[in-house]
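Enquirer: In order, the protein sequences belong to chains A and B. Residue numbering for the first sequence follows our numbering, starting at 1 and increasing by one per position. Residue numbering for the second sequence follows our numbering, starting at 10001 and increasing by one per position. Ideal placement from N, C-alpha and C gives every residue a C-beta, glycine not left out. In this text the structure is predicted, and so the values were computed from the model without any measurement. Pasting a structure below so you can have a look.
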Amino acid sequence: MNDRIAVQADWENREFISHISLNIRRLFDFLIQFESTTKSKLSSLNLKLDTLERRLQLLELQVSTATANPSLFTSTTTTSA
Amino acid sequence: MAVPVEEAIAALSTFSLEDEQAEVQGAGVLVSSERGATNSPIEYGDVSAYRLSLSEDTKALNQLNALIQEGKEMASVLYTYRSCVKALPQLPESMKHSQADLYLETYQVLDMEMSRLREIQRWQASAASKLAADMQRFSRPERRINGPTITHLWSMLKLLDVLVQLDHLKNAKASIPNDFSWYKRTFTQVSVQWQDIDSMREELDDLQSDDMVNINCIVTQLLQIFLSTRWAILLNLHVEMFRVNNVEDILQVLIVFAVESLELDFALLFPERHILLRVLPVLVVLATSSEKDSESLYKRVKINRLINIFKNDPVIPAFPDLHLSPAAILKELSIYFQRFSAQTPLVCVIFKALTYRTYQRHYLIINHIGTIRAEHDDFTIRFASSLNQLLLLKSIDGADVDWCKEVKGNMYDMVVEGFQLLSRWTARIWEQCAWKFSRPCKEAIPSESNGSAESLFDYEKVVRYNYSAEERKALVELVSYIKSVGSLMHRCDTLVVDALWETIHAEVQDFVQNTLATMLRTTFRKKKDQSRILSDMRTLSADWMANTSKPESDLQSHGGDESKGNFFYPRPVAPTATQVHCLQFLIYEVVSGGNHRKPGGLFGNSGSEIPVSDLKQLESFFYKLGFFLHILDYSATVATLTDLGFLWFREFYLESSRVIQFPIECSLPWMLVDHVLESQNAGLLESVLMPFDIYNDSAQQALAALRQRFLYDEIEAEVDHCFDLFVSKLSEIIFTFYKSWAASELLDPSFLFALDNGEKYYVQPMRFTALFKMTRVKLLGRNIDLRSLISERMNKVFRDNIEFLFDRFESQDLCAVVELEKLLEILKHAHGLLSKDLSIDSFSLILNEMQENLSLVSFSSRLATQIWSEMQSDFLPNFVLCNTTQRFVRSSRVPLVPVQKPSVPHAKANFYCGTQELNSAHQSFARLHSGFFGIPHMFSVVRLLGSRSLPWLIRALLDHISNKVTTLEPMTTGLQAALPKSIGLLPFDDGVTGCMRVVKENLNWGTKLELKAKVLRGIKEIGSVLYWMGLLDIVLREVDTMHFMQTAPWLGLFPGADGQILHTQDGGDSPVVNLFKSATAAIVSNPGCPNPTSFYTMSKQAEAADLLYKANMNAGSVLEYALAFTSAALDKYCNKWSAAPKTGFIDITTSKDFYRIYSGLQIGHLEDSVQVSSNNFEILGDSVAWGGCTIIYLLGQQMHFELFDFSYQVLNVAEVEAGLLSQSHKNPHVAQGWETLLEAMKKARRLNNHVFSMLKARCPLEDKIACAIKQSGAPLHRIKFENTVSAFETLPQKGA
């Protein structure tokens, strides 16, 4: 009879243990998933930033060529007008 | 606890975890892969708590398990052993004196390795003796201790398997005896040295070191015997076992157990199945080799059952690239075990049974892939649906208990089915591999690239050339099924695990509380022993939580309600490994009655008193228990079942081929990737990343199971290489696909419709979208952003392609501009199609970059420069105009100006249109335009250069005109000087012949032939440029009109009756501005509008657009502009070419004006063209007329020219002559041979008239002529025209 009570208690203890361990695993699962999805979101963002950066570089280059020759613009406006 | 755990975990689900990446890879992350159930985490330390007197058994069990663990490590040492001798350096002659040092060094290195081998030798001896002792202890007939338990039996089998594998490996590895013999050689050398050194030392020491050397010798001898004897381990085991003659019992029990498990095949996953298959032949040999009792085995197990098993699996995988064959083992061992070979017909029977074809059908996956596919599809659907049910259940509070149980039971069934499927599939791959290793491809395949067939490695024969394309396809498919089902199951691990626990709990409780209770009341009522065992089972595992009111005593005392059974609350807790272990043991005890020698099988029931139905229940629960363990170790089981890492390992073949590593073409994973890429199979494409999981698995194995750093390094190196190759190949395929798609879309549909074989231009659709979304490819623990890699390469390849097209254009002439435009258009379309799926740089940006005109102030571009230089160096000198067809064609004469061009660059088909077929289709279109320059080319030029570079080109051409005029001036002066003082009107007297004579006498330019030709060419170039401008004007008009039609409705413009542009509303806003304004007003007035500023911006931009478009509306005529410019350029030479007559009246005879020069040139040119057999026209064409007439017209000499031109005069004379002679009905010119010349003159006159009329229309000079008479009555020649060259400064300079 003692065995029986002990086994019963064991079942109940283990229920608690499994409960906790399962939830810890769920937590870890969540963390892993969170990490991976966040990573892919970040990489999408990175891609967009890269594109923007290249665009910006281009624009800066164009502006710099334009400011280097201001005369060109003033003269065109007068003649075309 | 402040926050309940479940609430906290549930709160996590509020985070958004959606991910656009498709699941096209296997599960890469394993949170927990430790085994809690199949291996007891506490080494069955809790068995004693159940008081089953199993402590002896548990002790033995743990000992065996430790041995198994060690044995596996030994096996991995042996498997990964690589020969050291091969790496030994050879001493050059000059260093022979230090040979001894080399020996010493070699000895030290080899000694390390040999000590490992010695350790293996020692270990196997101890393991064999321990195993034998264990068997002996547990097989005494008068057993005093409980056991062996089922788990114990398994451990024995596993240890036996490890020993067999070790033995097999030792036999197969040739490098080990090699290394050993080298070791022995160095050892003798070194020990001689030692003696030399030691003799100088004290005697005591000397003695000791002698001893040491002797002992070393003995150990080495033993090792040599161990290494050189085949099956040394088994022989040793045999000796150990039969030292005391009573292990037959336990061997028979093991055989029966193995045979029954194999025959039932329910609870076995493939690793266990393979263990049993490997061990069984050895067990049979051992059991039948003893002195007595050899026949008793066949009494318990019919020999046919054994033969069946051996026949069904003639080839068993042992190591990744080593297989075992039971028949071969039996045959080989029969030499060593005389009694076995004498007794058994087994060997010959098996050898007879082998038929190659049946096995081929059985082993090759290709014959099963249809079934597998169906299984996969069916399973994934059902698995997903039961998963959905489970999720639904979790979201509902207080669901019906029965339904709850059903859903969870369903889930449990699906998991069991999934495991069995995975196990079957993975086993298929293992077995196919083993089969392929045992059957290398026979026919030597002539390898196209590297040498002859005999240089093939063995490994190439068994792997590289041993898988047909179909087989590779099937393998890729199967690998992706395994990996995808694996990751599907792995992902829902924590989701389903409590349902699984609950179901298992319910099953166990149902068995112990209901089934056993029933049995206790009926079958076992009278049997004291057995009913004690049954109640033990109840005690150790029953969970009476819900039934406290019903203690066991009640149950036993009154018969109770057996009909409905007990109800118990679900509890999501699984039984422990020990509980399962004990339950299995107890069931076994009940069934066997504690007697292992019972004839028949475990549940064979012959002679037992238990009724069949009870036996069935016990049996099914017994095997279920075995499977529970796998399910409890959910993630570890999934990992084992989906582990395909073995496909990479090839240690055995590496050794036999004597190379360091095979090229990647021999590597199965890469072969699969390559196959997917090469086959261009749209269905397989999304599985292309699956084979990389094989690398992940094998790297994991190298690190965790084999524990060899160098293997991991090799795998890593291969993966790096393969992945680079993969990305470049994939990008190539992607680019080719989009290019061909674009090219086939741009083919003329009516052309395709008319074609009979139009389908060859149709591009098979492929889907790359899943791959384009891969931002995390899991590779050896790294995350690789495949998308960015691909887009990087795409950005580069588009640039390369444009570069190539420009290079190609630069190596061709101007006529290729149509082709260039077409190819660029295809590229642009391909870019458009691709950028829908993948974000890459915009096409205009790439094009501008490659055109080298990113700068805002640069108006030239690579293309414009090229067109200009092409015109200057090739087009203007070498092309002739045909006025009728409006085309320029290349003069058939030898080019006057030799043109140096780079050779046409070569490129792959995908730099043109994609595929060969599409290339030829588009090329045949391009060829239509390759022979001339006309309107279509001008359209291409306009479209390619655009409004940005076109003005630059125009400016360059105009400058060219003005330069030409300047160079013409001195030459003309030269011609003027050579004219006679006065040339009168041609006399009518002698007819045409007389006229021509007079002309020749007067135009005495004989010494100036060279100069004449030069002037003509100069005039021709001016004419060509002007005509070119005319073409440009036509094209620009059309483009502008189109543009106007598109923008006019938005700008509120409409064309008036007289070509004027009228505004619909004066002073008011144009429709586009109105539209945006009112829309903005409407939106902003809406209170729900979140952000009105953007709409204001839009409205402002509409106004800006309105302004810009209106400003561009009145584009002038390029031709008129060019004529005005030419006129201005001519003004400088006005006084030279058009001298004002001194008399103030028309100067007839002495005039040396330009018209006179041109007149002379023209008649000479016409004469040449009819006299010379090869047509002179082909050098100059119609543009001379254009150039000459334009200059004459702009100088205001048109009337003079028409009056005094020599050929016109000749024509007049001819007309008169003809009029005179027509009365006498004969044609004088035929006789005199003037007919052709007169025709040419008429033609020239027509052409000149055409040019003059065009000029009058486009560049009227009336106002100038009107003021050409002074008030005094004297004519005023050529008033100063307002146009100066400086007025054209608005066009960009050539240098800009």
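Taking 8 angstroms as the CB-CB cut-off, is B:F10015 touching chain A?
Expert: Taking Cβ atoms only, chain A reaches closer than 8 angstroms to B:F10015, which makes this a yes.
Enquirer: What is the C-beta distance between B:G10178 and B:R10230, in whole angstroms, given that I count them as a contact (C-beta under 8 angstroms)?
Expert: At residue 10178 of chain B the sequence reads Asn, which differs from the Gly that was named. The pair is not a contact, with the Cβ atoms about 16 angstroms apart (cut-off 8 angstroms).
Enquirer: Please check if any C-beta of chain A sits within less than 8 angstroms of the C-beta of B:I10533.
Expert: No, B:I10533 lies away from the interface with chain A (no Cβ there is under 8 angstroms from its Cβ).
Enquirer: Any C-beta of chain B sitting closer than 8 angstroms to the C-beta of A:L49?
Expert: No, A:L49 lies away from the interface with chain B (no Cβ there is under 8 angstroms from its Cβ).
Enquirer: Taking Cβ positions only, does A:L56 come closer than 8 angstroms to chain B?
Expert: So, not an interface residue.
Enquirer: Tell me the rounded alpha-carbon separation between B:K11110 and B:P10951.
Expert: For B:K11110 and B:P10951, the distance between alpha carbons rounds to 19 angstroms.
Enquirer: By alpha-carbon positions, which one of B:I10935, B:S10861, B:V10998, B:G11023 ends up nearest to B:P10877?
Expert: Out of B:I10935, B:S10861, B:V10998, B:G11023, B:G11023 has the C-alpha closest to the C-alpha of B:P10877.
Enquirer: State the beta-bridge partners of B:G11181 as determined by DSSP.
Expert: DSSP, once it has assigned bridges, lists B:L10881 as partnering B:G11181.
Enquirer: Per DSSP, B:F10888 is paired with what?
Expert: DSSP, once it has assigned bridges, lists B:L10881, B:F10933 as partnering B:F10888.
Enquirer: A:E15 touches chain B at which residues, Cβ-Cβ below 8 angstroms?
Expert: The answer, in chain order, is R10571, P10572, V10573.
Enquirer: Report yes or no: is there a C-beta of chain B within less than 8 angstroms of the C-beta of A:S18?
Expert: So yes, A:S18 belongs to the interface.
Enquirer: Going by DSSP in three states, B:F10768 sits in which element: helix, strand or coil?
Expert: DSSP places B:F10768 in coil when its eight states are reduced to three.
Enquirer: Could you tell me which of B:Y10569, B:R10890, B:H10505, B:N11135 sits nearest to B:D10400, measuring between CA atoms?
Expert: Of the candidates B:Y10569, B:R10890, B:H10505, B:N11135, the one whose C-alpha sits nearest the C-alpha of B:D10400 is B:Y10569.
Enquirer: Does chain B have any CB closer than 8 angstroms to the CB of A:L27?
Expert: Interface residue, yes.
Enquirer: Verify the CB distance criterion: does B:I10664 have a CB-CB separation below 8 angstroms to chain A?
Expert: No, because no Cβ of chain A sits closer than 8 angstroms to the Cβ of B:I10664.
Enquirer: How about B:W10501: is its C-beta nearer than 8 angstroms to some C-beta of chain A?
Expert: Closer than 8 angstroms: yes.
Enquirer: Once DSSP output is grouped into helix, strand and coil, what is the label at B:H10152?
Expert: Note: B:H10152 maps to helix in three-state DSSP.
Enquirer: Say whether chain A places a C-beta atom closer than 8 angstroms to the C-beta of B:L10012.
Expert: Chain A, which has a Cβ nearer than 8 angstroms to the Cβ of B:L10012, makes this yes.
Enquirer: Looking at chain A, which residues of the region 10039-10060 of chain B have a Cβ within less than 8 angstroms of any of its Cβ atoms?
Expert: Residues passing the 8 angstroms Cβ filter: A10049, Y10050, R10051.
Enquirer: Along the beta strand (DSSP E) that carries B:K10778, what are the first and last residues, could you check?
Expert: Element bounds for B:K10778: 10777-10779.
Enquirer: Taking the alpha helix (DSSP H) that B:N10757 falls in, what are its first and last residues?
Expert: Where B:N10757 is concerned, there is no enclosing alpha helix (DSSP H), given that its DSSP letter is neither H nor E.
Enquirer: Just the chain B side, please: which residues come within less than 8 angstroms of A:L61 by C-beta, in chain order?
Expert: Those are L10854, S10855, listed as they occur along chain B.
Enquirer: Check the Cβ-Cβ distances between B:N10783 and every residue of chain A, and say whether any is below 8 angstroms.
Expert: Cβ-Cβ to chain A under 8 angstroms: yes for B:N10783.
Enquirer: Which of the three DSSP states, helix, strand or coil, is assigned to B:S10452?
Expert: Confidence is the limiting factor: at B:S10452 the pLDDT is only 47, short of 50, which leaves the residue's position unreliable, though a coordinate-based value still follows. In the structure shown, B:S10452 sits in coil (DSSP, three-state: anything other than H, G, I, E or B).
Enquirer: Please state the DSSP three-state secondary structure of B:L10706.
Expert: Reduced to three states, the DSSP call for B:L10706 is coil.
Enquirer: Once the 5 residues before and after B:I10120 are set aside, which same chain residues still bring their CB inside 6 angstroms of it?
Expert: So the qualifying residues of the chain are M10074.
Enquirer: What residues of chain A sit near B:S10839, judged by a beta carbon separation below 7 angstroms?
Expert: Near B:S10839 (Cβ distances below 7 angstroms), the residues of chain A are L47, T51.
Enquirer: Mind listing the chain B neighbours of A:A66? Cutoff is C-beta to C-beta under 7 angstroms, in chain order.
Expert: Result: L10856, V10857.
Enquirer: Helix, strand or coil for B:H10906? Go by DSSP, reduced to three states.
Expert: The answer is coil: DSSP assigns B:H10906 none of H, G, I, E or B.
Enquirer: Residues of chain A with CB closer than 9 angstroms to the CB of B:D10019, please, in chain order.
Expert: Result: Q33, S36, T37, S40, K41.
Enquirer: Within its chain, find whatever has a CB closer than 6 angstroms to the CB of B:A10907; leave out the 5 residues flanking it on each side and keep chain order.
Expert: Only F10804 meet the Cβ criterion.
Enquirer: Consider the Cβ of B:D10498: report whether some Cβ of chain A lies at a distance smaller than 8 angstroms.
Expert: Yes, contact with chain A.
Enquirer: Rounding to the nearest angstrom, what Cα-Cα distance links B:D10019 and A:K41 in this structure?
Expert: If I take the Cα positions, the gap works out to 8 angstroms.
Enquirer: What does DSSP give as the partner residues of B:F11204 in its beta bridges?
Expert: For B:F11204, which the question treats as bridged, DSSP gives no partner whatsoever.
Enquirer: Excluding the 5 residues flanking B:H10937 on each side, which residues of the same chain have their C-beta closer than 8 angstroms to its C-beta?
Expert: L10814, C10815, V10817, V10818, H10929, listed in sequence order.
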